[in-house]
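Undergrad: Please see the structure below; I have some questions.
Protein chains: 2
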Amino acid sequence: MLVALKRILIGRPLKSNELGEQKLNKTKALAILSSDALSSVAYGPEQILLVLITISIAAFWYSIPIGIGVLILLVALILSYRQIIFAYPHGGGAYVVSKENLGKYPGLVAGGSLLVDYILTVAVSVSAGTDAITSAFPTLHEHTVGIAVVFVILITLLNLRGVTESASILAYPVYLFVLALFILIGAGLYNIASGGVSAAQHAPIGTPVMGISLFLLLRAFASGSSALTGVEAISNAIPNFRDPAPKNAARTLTVMGILLALLFSGTVFLAYYYGITPIVEATVVSQIAEQTFGRTFMYFFIQGTTALILILAANTGYSAFPLLAVNLAKDKFIPRMFAVRGDRLGYSNGIIMLGVLSILLILAFKGQTEQLIPLYAVGVFIPFTLSQSGMMLKWIRQKPPGWVPKLIINTTGAFICLTVTFVFFLTKFTQIWPILIFLPLIVLAFHRINKHYEAVGEQLRLTTCEPAVPIEGNVIILPVAGITHVVEHSANYAKSLGADQIIAVYIPFEREDEAKFEEKWSKWMPDVRLVTLHSPYRSIIQPLMKFIDTVERKARESNYQVTVIIPQFIPKKGWHNILHNQTSFTIRAALLYRKDVIVTTVPYHLKK
Amino acid sequence: MLVALKRILIGRPLKSNELGEQKLNKTKALAILSSDALSSVAYGPEQILLVLITISIAAFWYSIPIGIGVLILLVALILSYRQIIFAYPHGGGAYVVSKENLGKYPGLVAGGSLLVDYILTVAVSVSAGTDAITSAFPTLHEHTVGIAVVFVILITLLNLRGVTESASILAYPVYLFVLALFILIGAGLYNIASGGVSAAQHAPIGTPVMGISLFLLLRAFASGSSALTGVEAISNAIPNFRDPAPKNAARTLTVMGILLALLFSGTVFLAYYYGITPIVEATVVSQIAEQTFGRTFMYFFIQGTTALILILAANTGYSAFPLLAVNLAKDKFIPRMFAVRGDRLGYSNGIIMLGVLSILLILAFKGQTEQLIPLYAVGVFIPFTLSQSGMMLKWIRQKPPGWVPKLIINTTGAFICLTVTFVFFLTKFTQIWPILIFLPLIVLAFHRINKHYEAVGEQLRLTTCEPAVPIEGNVIILPVAGITHVVEHSANYAKSLGADQIIAVYIPFEREDEAKFEEKWSKWMPDVRLVTLHSPYRSIIQPLMKFIDTVERKARESNYQVTVIIPQFIPKKGWHNILHNQTSFTIRAALLYRKDVIVTTVPYHLKK
């Protein structure tokens, strides 16, 4: 039944050789990998204005130079990530670049930071999209958390079905959003050109403003840079592209960069020219749309596609997280289950883990995840800085033909990203200090997991470990609880193995029981030696373990192997298990974990 | 560490032959088995007045004839339970009596009803005692639930230490309470005799009262009868008495009956004579004490011991529940773990279960368990009625010498108890209807558990089941995941067993991997046959199960036994387990539950 449900939810299993059909063309890849970056347009410009308004409305003209600064950063990032894509065509992005060029720990910082960031992406963007919906339909407001969780589950299921299917479904809303914003910007510019908007609404560029400071401008710039989160996703997900994957990925990245630049600058410009002030009741984009179209169909179309893209921004996390996890798992820094492909050829463990963790975040913050946005922005700029610096070092070390312009691009990128990171720490320390605690913890966890895997590999390799001790003979111990059919079956099995010695062990709690059982046994199965261990404290494990110790010590002297045969009831119905004392489980666990003996379980299937 | 903690909390384990020292003398037995019944004096008289006040204060004189009715019922119960004790000296009370004389289902109704009742006893009495404490110290009020839970845990631990130890500690408060109430009644009677209390305070007996009805009087009588809950406890706990157990138990019961009768009639009389009206702020006993002594030391002494005995009334449940459970477990109506003696020779599973369930009740009702009192009273009168009727039938059937007076006693008891039960259903149906749902469910559960145990017994008994199939030879299947030390060890073991056939099974996900592994294997271990099962859907379980099916079908034809040898990593630290894919657990579970093959686990203890 569970299997059938799984089939309905995620579809039939796919064969490993169907992997090729699961690759993405550029149109679909752009849709699912850029939704995070493009959705930032919905809140990035607003973030700049929210900082400037703390001075006065007259300071709003600064949004134009700040917007230009963000665009420069965007260009630097796109150019340098193009270089990363060609240099590391197997994906892994910032993690691989930092690890290869800067060393293990910078790599782990970049990787850990991005892993956490994708979880934050999912939680933050789904919560934001849900907020947009519940603002439109206030009756749903009390169910915000529930709705957000349902969205995460839906996106998780969609991704478990495989990347092609999710891309086919999710492409429409993304392109509709792009279309909607282009229409808005076009109509807005037309209004301005045709004189429909008076220039009086905004302070002219260059107006002197009281109280403005470099600190404040930097802070506004850092806030605006949060629109660039998600730019790195494509570099993590190169293996999802059709061949030639790096070339396709690089082109997709360029297109995404151009779209993002146009939408971002258009929105910033219109907001400035219309003289829009951020208010609680309506977002900046919604105000622009209302001033341009009034409350017409277009207004609601823009609002609807914005809500959708906010939710779908989560999907970028679902594309990038599992592939980053595969890279970390292959390098043995996280459990190896993250490198296993699921039924639909996606890395389902990563997808499920991402879904579960972001649901937990949503529940923990009761759907109010806005306070996580700065944390999430700084979590992107740390790996940005590390990967750019890594690329710098790479060019300086390798000096390939034409390396100087490449070095300049990456150096510029590294410098701007480092600055943004510093600005974040300077201006928003109260919101981002937790990263200073959990990043080291994550890196420590990576390190310890890696140490364990290395140690295991060392112990298993035939070349490095001691040769196996030969087994000269076998001693079988058979704990018995009575004279029943189950015991008969196990004893027959023990005899069939041709062991050198079979010892049945009976553990009576009362002295009287001891003699009685010995007599019965000698009549029933005289060919198997019986040992009784009187247990005055009514424990079965203790005397049995002590006895096995003694037998094992003697056996080891002559390289004999000790095997304990334990019969186990398998009841027909699950609930029947609580009616049996599960002694066989307890004995088995105690033996396997504490002793070096082999445990054989003889199932006895109850028919009723 | 856990073992050390257990030692501190409940003491060193006791040997089975120390059981004799764990038996109770009459003084201690009276203390722990009568606390429930005696504590009823603290609320029984009040319950009568609470019903009468719905008419008028003039009706209070009816408390005297109603009190006499309760006393008659008490005498009938004591006399007939004495007869039960001698007739069924191994304990079990109402359950055993009803089962033996009325049949299985009446027995189960009595037993189930009492099991639930003891859980209610613990929850209700601990909550009541906690209420008394938090009324005295209002700052503790918000912690009521927490305090009640801590009391349950303390009483549970005390009982896990063993019945002697708990009795030694709990005897003092019980006797102090009895002493306190005797002083109160004595002083009250002296006051009345010396004319310190004017007779004007109460309406004389026989005053006609408007609006009084038989229904109301019956209801008052039923409420007063709740003071008799706990009378049956001694008959369940006979095995806890020193030899001669039945005689000692009967004497204890008589003494308890006399004490209860004196305290109950004294309280009812004083309440009537003082003209006390039940109010929310102070209990009836507290009002009597205040009128008698004023707010002196004696007043607080009475209040303190009353709070204590309310909490300790729970202990009666702890003495009776586990022993009733043993009887039910021995008859195979509840899981057999309830018949196993713990480290301290008490039936610890029953004790722990009682503690856990009553804590759950307290949490579910947030410490406000008063509404459970009627449920709890009716839950006692059902088994009372059943056991009395059972005894009636017994005398009629067996007709031992002097059976007529015995029959009269039990018939009177049965008749009164049946009446009380009816009155409960008539007058408090809204509070007690749940019993009509959960009693049938409990009896159904008993029935299904019993059916399962009977079926298992049938299948295990050598005389009834088919003779075991002889094992003519062995086939060993060895799933391998690579060429490692672990595989080498398992293969060596398989060879040492002298099986007729050993088949190594490798499950590659990719075609290329298949040929490569086959080549490596044939070089490494040419004497063991390798089968590769290409798994295009990347499942290990499915192809393996299919293969084992095929092998097993062939093996069965010639009575060969199939054994699957599974290597299992045992990491040094618990958390390491999440770093390994637990394939061995999955395979083992799938095999044991779905197939008739034997599974051998070869542990490989990781050293780092």
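Just so you know, the sequences run in chain order A and B. Under the numbering used here, the first residue of the first sequence is numbered 2, with each subsequent residue one higher. Under the numbering used here, the first residue of the second sequence is numbered 2, with each subsequent residue one higher. Using N, Cα and C, we set each Cβ at its ideal position, and we do this for glycine too. Since this is a predicted model, take the numbers as computed values, not measurements.
#1: At 9 angstroms on the CB atoms, spell out the chain A contacts of residue 369(B), in chain order.
#2: Applying the 10 Å Cβ sphere with the 16-neighbour rule, what's the burial state of residue 3(A)?
#3: Figure out for me which residue from 254(B), 540(B), 602(B) has the closest Cα to the Cα of residue 343(A).
#4: Are the C-beta of residue 489(A) and some C-beta of chain B separated by less than 8 angstroms?
#5: Report the partner residues of residue 530(A) according to the DSSP bridge assignment.
#6: Please give the ranges of any alpha helix (DSSP H) in the stretch 186-225 of chain A, keeping only runs that are unbroken, at least 4 residues long and fully inside the region.
#7: Whole angstroms are fine: how far does the CA of residue 34(A) sit from the CA of residue 136(A)?
#8: Could you pull out every residue in the same chain whose Cβ sits closer than 7 angstroms to the Cβ of residue 115(A), ignoring the five residues on either side in sequence?
#9: Along the beta strand (DSSP E) that carries residue 479(A), what are the first and last residues, could you check?
#10: Please work out which residues of its chain come closer than 6 angstroms, Cβ to Cβ, to residue 186(A), disregarding the five sequence neighbours upstream and downstream, and give them in chain order.
#11: Would residue 340(A) pass as an interface residue toward chain B - the criterion being a Cβ-Cβ separation below 8 angstroms?
#12: Quick check: is the beta carbon of residue 407(B) nearer than 8 angstroms to any beta carbon in chain A?
#13: Would you please verify whether the beta carbon of residue 457(B) is less than 8 angstroms from any beta carbon of chain A?
#14: So, helix, strand or coil for residue 583(B), using DSSP?
#15: Residues of the stretch 4-32 of chain B with a CB closer than 8 angstroms to any CB of chain A: list them in chain order, please.
#16: Would you mind telling me which residues of chain A sit closer than 8 angstroms to residue 511(B), beta carbon to beta carbon, in chain order?
#17: Under 8 angstroms, with one C-beta from each stretch per pair, do the stretch 581-594 of chain A and the stretch 15-27 of chain B reach the 3-pair mark?
#18: Any C-beta of chain B within less than 9 angstroms: which residues of the stretch 80-106 of chain A qualify?
#19: Under DSSP, the beta strand (DSSP E) around residue 603(A) begins and ends at which residues?
#20: Can you tell me whether residue 402(B) is buried or exposed, with buried defined as 16 or more other CB within 10 angstroms of its CB?
#21: Within 10 angstroms of the Cβ of residue 220(A), are there 16 or more other Cβ atoms? Answer buried if so, exposed if not.
#22: Which of the three DSSP states, helix, strand or coil, is assigned to residue 25(B)?
#23: Compare the beta carbon distance of residue 391(B) and residue 77(B) with 8 angstroms and say whether it is the shorter of the two.
#24: Taking the alpha-carbon positions, what's the residue 254(A) to residue 458(A) distance?
#25: What is the DSSP secondary structure of residue 561(B), counted as helix, strand or coil?
#26: Using a cut-off of 9 angstroms between C-beta atoms, extract the partners of residue 484(A) located in chain B.
#27: Which word fits residue 322(A), buried or exposed, when buried means at least 16 other C-beta atoms lie within 10 angstroms of its C-beta?
#28: If we cut at 8 angstroms on Cβ distances, does residue 602(B) have a partner in chain A?
#29: Spell out the partners DSSP gives residue 567(B) in its beta bridges.
#30: Which residues in the same chain have their Cβ closer than 6 angstroms to the Cβ of residue 204(A), if we skip the five residues on either side of it in sequence?
#31: Taking buried to mean at least 16 other C-beta atoms within 10 Å of its own C-beta, is residue 601(B) buried or exposed?
#32: Does residue 537(B) have its Cβ less than 8 angstroms from a Cβ in chain A?
#33: Say whether chain A places a C-beta atom closer than 8 angstroms to the C-beta of residue 344(B).
#34: Let me make sure I understand the geometry here. Which of 400(B), 7(B), 318(B) has the alpha-carbon closest to that of residue 118(B)?
#35: Note down, in chain order, each residue of its chain lying with its Cβ closer than 8 angstroms to the Cβ of residue 52(B), except the 5 sequence neighbours on either side.
#36: Based on the DSSP output, what are the partners of residue 242(B) in its beta bridges?
TA: In short, the structure shows the following:
#1: Result: empty, since nearest Cβ-Cβ is about 28 angstroms, beyond 9 angstroms.
#2: With fewer than 16 other Cβ atoms inside 10 Å of its own Cβ, residue 3(A) counts as exposed.
#3: Closest option to residue 343(A), Cα to Cα, is 540(B).
#4: Taking Cβ atoms only, chain B reaches closer than 8 angstroms to residue 489(A), which makes this a yes.
#5: 504(A).
#6: Complete alpha helix (DSSP H) runs here, min 4: none at all.
#7: For residue 136(A) and residue 34(A), the gap between their C-alpha atoms comes out near 27 angstroms.
#8: Spatial neighbours of residue 115(A) in its own chain (CB-CB distance under 7 angstroms, excluding positions within 5 residues in sequence) are listed in chain order as 95, 96, 325, 384.
#9: Residue 479(A) -> beta strand (DSSP E) spans 474-481.
#10: 267.
#11: No, no contact with chain B.
#12: When Cβ-Cβ separations below 8 angstroms define contact, residue 407(B) makes no contact with chain A.
#13: Yes, its Cβ sits closer than 8 angstroms to a Cβ of chain A.
#14: Note: residue 583(B) maps to coil in three-state DSSP.
#15: Residues of the stretch 4-32 of chain B with a Cβ closer than 8 angstroms to any Cβ of chain A, in chain order: 14, 15, 16, 17, 18.
#16: Within chain A, the C-beta atoms nearer than 8 angstroms to that of residue 511(B) come from 17, in chain order.
#17: Touching, no.
#18: Listed by position, the residues of the stretch 80-106 of chain A near chain B (Cβ gap below 9 angstroms) amount to none.
#19: First-last of the beta strand (DSSP E) with residue 603(A): 599-606.
#20: With fewer than 16 other Cβ atoms within 10 Å, it is exposed.
#21: So residue 220(A) counts as buried.
#22: Strand.
#23: Taking 8 angstroms as the Cβ cut-off, residue 391(B) and residue 77(B) do not qualify as a contacting pair.
#24: C-alpha separation (whole angstroms): 39 angstroms.
#25: Three-state result, residue 561(B): strand.
#26: Contact note: residue 484(A) reaches chain B through 463, using a C-beta cutoff of 9 angstroms and chain order.
#27: Counting the other CB atoms within 10 Å of its CB gives residue 322(A) a total of 16 or more, which places it among the buried residues.
#28: Yes, contact with chain A.
#29: Residue 567(B) is bridged to 602(B).
#30: Setting aside the 5 residues that flank it on each side, residue 204(A) is surrounded in the same chain by 59, 62, each with a C-beta closer than 6 angstroms to its C-beta; the list follows chain order.
#31: Buried, because 16 or more other Cβ atoms sit within 10 Å of the Cβ of residue 601(B).
#32: Chain A, which has a Cβ nearer than 8 angstroms to the Cβ of residue 537(B), makes this yes.
#33: Interface residue, yes.
#34: Closest by C-alpha distance to residue 118(B), out of 400(B), 7(B), 318(B), is 318(B).
#35: Excluding residues within five positions, the ones whose Cβ falls inside 8 angstroms are 217, 220, 221, 224.
#36: 25(B), per the DSSP bridge assignment.
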